[in-house]
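Reading through the structure tokens given below for one structure.
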Amino acid sequence: MERHIGTWCKENDSTKSEVGELLIDGNHLEFYSRFHGLVFPETFIGEDGQFRYKVFVNGYAKPGQNRILDYTSSHRVFYVLMQNFDFSKGADISKVEEFSFAIRELTEWLGIQTVFYCCTDQDEPAAGEVHLEPIVIHETDPQIELYFESETYESISSLEEDIAIKIKKEPRIRVTYNQPANIQRIQNDIECIMQFFGLLIGKVSTADNIRLSIEGQKLKSWLYINHDYSYNLMNRDVMDRPRTYHYVLGDNLILYFSNWRKFCLDDQFTLLRRIYFSVNDRKEIFAEEIFVEYMRILDGYHTRISGDAETEEKLKKALKAASKVIKTQIFEEDNRPIFEEAFQSVLPDWKYNSSNMGDISGWIAAGYLERKSLSHRLKELDNLYFGIIRSNAGDIERLASNTEKRKDMTNEQIVELFYRKLGDTRNYYSHYKKDKTGILDFSQMNDSIRVLKAIIISIFLSHMGIEKDLIRRIIEFDSGLHFQTQFLRKPEERPFLHTQEWLKTIEKESVAQQDSDD
């Protein structure tokens, strides 16, 4: 974490300065100053003796635990610019021609050597950087590539007469625009890229060291964004291997990212995508909340792909038609006493007459159609994506506290029961219902969440254009999901090898092939 304490002034009023404290911790920013009572957007300028900083704030923020200055107000930070030359005036960041940033998890995902060690002809140890060509991710505007940047000359240190050089070459993402872009487009592109690699790697932490090339500026600016781009860090162990490796995707990386970018730009899926990644960022969240959000995502996704969202009028007509049928049924001579007794036993003052007929039929029709719709959507998505819910129903039901009533059930009945429980549990927590009958026990919650997550990940990977069999291979050995997806494995299948292990295997196979040819 970086801490910069010094004097700061408002960009539009340099005559008055106050002490302030800027904290930078990856993609988390905090700013405190003795400028009090600010409620409108403001920009502050300050410096630490080496670099100048411009902080973009808007209103008040809850103070963090790392503040050390007393009597300071906490400002809600959006961005910070760092450079050693004058800033452009205004509360906007625009005219960006190119930017680059680092994702630390890319190093292991690529799995290739970026430096080498050897001996000279004189048997002296030597080391150097490997020349590596950029990897193209997106060909058209914007052009996106994964390139390798040397950090060797930034890692030279001396101790008295000895000099130590750390040879280092790391992957970075570079985005180049045909037309200068503003800060909103930069944020959207970073989000799209981070989510893409998050799904392929299994986790990402921060968008590090963001550097901007701005039109008319000879020098670069460093950008810090106060946004959590992390994915799945709360669910991955430090020893977990990446979900995939670069070699697994091969030459299709351009296609997969292009499809993912189209998915990110599709407004009908934006809410579902952002909710999923928000649930899986660094914040702590209750299991019940995760469950409800996953169910909402699947429900909303099926509504979109099935066309229900576009045929709302048809649903209204169906509801109206159903209400008319129910009206005739509940007031028939044989049926009326049954319904009237049921309503008046609970609501004695309720008048079971023709003026309330529409309300009664509407309640019955709406409740029935809504309940049926959720069950139908879950089943259809499950059929599309490997039957993960169906295949886990028996195991999860065995975790329930009361298993007596399931003793005589067939497998199909248990599956149907589990579908109903998923829907009833979603309704119980999302609508704060009083009746807990038929909902999942807490002992069943975590496994159910992983089942739903496996389906959502499969959906996202399918929108990248990844073949269904490769999606199956990706999720069947996933570190966080394999207990729920291991039924997908074929006997001969093994987890993806680390890139270096894979290269050794390829080399051995090549040598063996040459020997057989000879």
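Going by full-length UniProt numbering, the first residue of the sequence shown is number 1, and it counts up by one from there. Glycine included, C-beta positions come from ideal geometry on N, C-alpha and C.
Counting along the chain, where does the alpha helix (DSSP H) carrying residue i start and finish?
i	result
residue 270	267 to 279
residue 392	388 to 397
residue 460	442 to 463
residue 472	468 to 476
residue 418	411 to 430
residue 295	287 to 305
Can you name the start and end residues of the beta strand (DSSP E) that residue i belongs to?
i	result
residue 214	208 to 214
residue 181	169 to 181
residue 219	First-last for residue 219: undefined, no H or E at that position.
residue 483	Where residue 483 is concerned, there is no enclosing beta strand (DSSP E), although the alpha helix (DSSP H) it sits in stretches over 482 to 485.
Taking the CB atoms as reference points, tell me whether residue i and residue j lie closer together than 9 Å.
i	j	result
residue 246	residue 387	no
residue 454	residue 481	yes
residue 97	residue 215	yes
residue 100	residue 211	yes
residue 429	residue 435	no
residue 447	residue 396	yes
residue 30	residue 18	no
residue 71	residue 55	no
residue 256	residue 196	yes
residue 222	residue 23	no
residue 422	residue 399	no
residue 300	residue 253	no
residue 68	residue 5	yes
residue 471	residue 458	yes
residue 166	residue 150	no
residue 493	residue 473	yes
residue 200	residue 244	yes
residue 288	residue 445	yes
Report all residues from its chain with a CB closer than 7 Å to the CB of residue i; omit the five preceding and five following residues, and keep chain order.
i	result
residue 233	203, 205, 282
residue 126	118, 119, 120
residue 25	1
residue 219	83, 85
residue 293	275, 279
residue 108	242
residue 145	134, 135, 136, 137, 174
residue 143	176
residue 48	4, 6
Per DSSP, what are the beta-bridge partners of residue i in this structure?
i	result
residue 8	18, 46
residue 23	3, 30
residue 13	10
residue 55	44, 80
residue 143	176
residue 246	The partner list for residue 246 (beta bridge, DSSP) is empty, contrary to what the question assumes.
residue 190	DSSP, once it has assigned bridges, lists no residue as partnering residue 190.
residue 39	BP columns for residue 39 are empty, so no partner.
residue 150	169
residue 73	33
Could you name the residues of the same chain whose beta carbon sits closer than 8 Å to that of residue i, not counting the 5 residues immediately before and after it, in chain order?
i	result
residue 73	32, 33, 34, 35, 36, 37, 38, 60
residue 512	none
residue 87	11, 45, 52, 54, 81
Could you pull out every residue in the same chain whose Cβ sits closer than 6 Å to the Cβ of residue i, ignoring the five residues on either side in sequence?
i	result
residue 229	27, 194, 207
residue 302	377, 381
residue 425	439, 440
residue 41	58, 91
residue 238	none
residue 106	171
residue 63	74
residue 51	82, 84
residue 304	268
residue 391	487
residue 507	none
residue 198	204, 231
residue 394	414
CB of residue i to nearest heavy atom of the ligand PLP: below 8 Å?
i	result
residue 290	The model depicted lacks the ligand PLP and carries no ligand whatsoever.
4-residue-minimum alpha helix (DSSP H) runs that sit fully inside the segment 103 to 138, ordered along the chain: If we require 4 residues or more, the alpha helix (DSSP H) runs fully inside the segment 103 to 138 come out as 106 to 110.
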